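In numbering that gives the first Met the number 0, the protein residues as written are 0 to 183. Cβ coordinates follow ideal geometry from the N, Cα and C atoms, glycine included. From a predicted model like this one, the values you see are computed outputs, not experimental measurements.
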Amino acid sequence: MKTETTALERLLPRYDHHERHSVAVRAPRESVLRAVDETRWRDVPLFHAMMVVGSLGTKRDKAQEPFLGSMTGGGFTELHRGPGELVVGAAVSVREPKGPAELAEPAGESFAAFERPGHYKVAFNFRYDNGRLITETRVLSTDEATRRSFARYWTLIRLPGGLIRREWLHGIRRRAESPSDRTP
Numbered sequence: 000m001k002t003e004t005t006a007l008e009r010l011l012p013r014y015d016h017h018e019r020h021s022v023a024v025r026a027p028r029e030s031v032l033r034a035v036d037e038t039r040w041r042d043v044p045l046f047h048a049m050m051v052v053g054s055l056g057t058k059r060d061k062a063q064e065p066f067l068g069s070m071t072g073g074g075f076t077e078l079h080r081g082p083g084e085l086v087v088g089a090a091v092s093v094r095e096p097k098g099p100a101e102l103a104e105p106a107g108e109s110f111a112a113f114e115r116p117g118h119y120k121v122a123f124n125f126r127y128d129n130g131r132l133i134t135e136t137r138v139l140s141t142d143e144a145t146r147r148s149f150a151r152y153w154t155l156i157r158l159p160g161g162l163i164r165r166e167w168l169h170g171i172r173r174r175a176e177s178p179s180d181r182t183p
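1. With a cut-off of 8 angstroms on the beta carbons, I'd call L168 and V22 a contact; round off their distance for me.
2. State the Cα-Cα distance for the pair G83 and L132, rounded to the nearest angstrom.
3. Cα-Cα, which of E108, R164, T4 and K120 is closest to K75?
4. What's the gap between the Cα of E3 and the Cα of P96?
5. Based on DSSP bridge pairs, tell me the residues matched to T136.
6. For E104, count neighbouring C-beta atoms within 10 Å of its own C-beta (all shown protein chains included) and say buried if the count is 16 or more, exposed if not.
7. Which partner residues does V93 have in the DSSP bridge list?
8. T141 and E114: beta carbons closer than 9 angstroms?
9. Once DSSP output is grouped into helix, strand and coil, what is the label at R80?
10. What separation, rounded to the nearest whole angstrom, lies between the Cα atoms of G170 and R146?
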């Protein structure tokens, strides 16, 4: 029996690199997905500590900021939001000017169609399915030179990125399962 296609699969069906993590969560879907939006930097201590050390303490005030919100404010774009899944992504230039490319509206369609050389497309989702919160990250380079370059980068970031992702899932779970998070 084939499972339903996710928005992430529709937006980035092919990929060069991917990673997937999940955690059991005992909370209603609405609470879990709300917790994805509300999880703060302080809820992801490893990443928060790395940012504080990396910025010599100037990021201490970020502890109260929503983790996902700071990502979407820093170049990532919400590509899809549905009842059971949120997808965020960016098309990032590795050439000057480096950084996220601007995506036309609707962002999801623009992202899916993006093919400009010298970029990699990265997207990740949060999806709640049958008591599990799942996150998957997918990366696709738009040309062979970028693919080779990104493969070296992926080798360096995969382990710490996976640790951060698992910690993020646990922070979301703590928030979603918290009695104060429940709506009447």
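So, from the data block:
1. As a working note, residue 168 is residue 169 in the sequence shown. As a working note, residue 22 is residue 23 in the sequence shown. Right, the Cβ-Cβ distance comes to about 4 angstroms (below 8 angstroms), so this counts as a contact.
2. Here residue 83 is taken as the residue at index 84 of the sequence shown, counted from 1. Here residue 132 is taken as the residue at index 133 of the sequence shown, counted from 1. Each residue's Cα considered, the two are about 10 angstroms apart.
3. Numbered from its first residue, the sequence shown carries residue 75 at position 76. The question names Lys, but residue 75 in the sequence shown is Phe. When each option's Cα is compared against that of F75, the closest is K120.
4. Numbered from its first residue, the sequence shown carries residue 3 at position 4. Numbered from its first residue, the sequence shown carries residue 96 at position 97. About 38 angstroms.
5. For this step, residue 136 is matched to residue 137 along the sequence shown. Beta-bridge pairing by DSSP links T136 to E18 and F123.
6. What you label residue 104 is simply residue 105 of the sequence shown in a count that begins at 1. By the C-beta density criterion, E104 is exposed, having fewer than 16 other C-beta atoms within 10 angstroms.
7. Indexing the sequence shown from 1 puts residue 93 at position 94. Its beta-bridge partners do not exist; DSSP assigns none.
8. As a position in the sequence shown, residue 141 is number 142, starting the count at 1. As a position in the sequence shown, residue 114 is number 115, starting the count at 1. Yes, the Cβ-Cβ distance between T141 and E114 is below 9 angstroms.
9. Position 81 of the sequence shown, counted from the first residue, corresponds to residue 80. Strand, per DSSP.
10. Counting from 1 along the sequence shown, the entry for residue 170 is found at position 171. Counting from 1 along the sequence shown, the entry for residue 146 is found at position 147. Between G170 and R146, the C-alpha separation is close to 32 angstroms.
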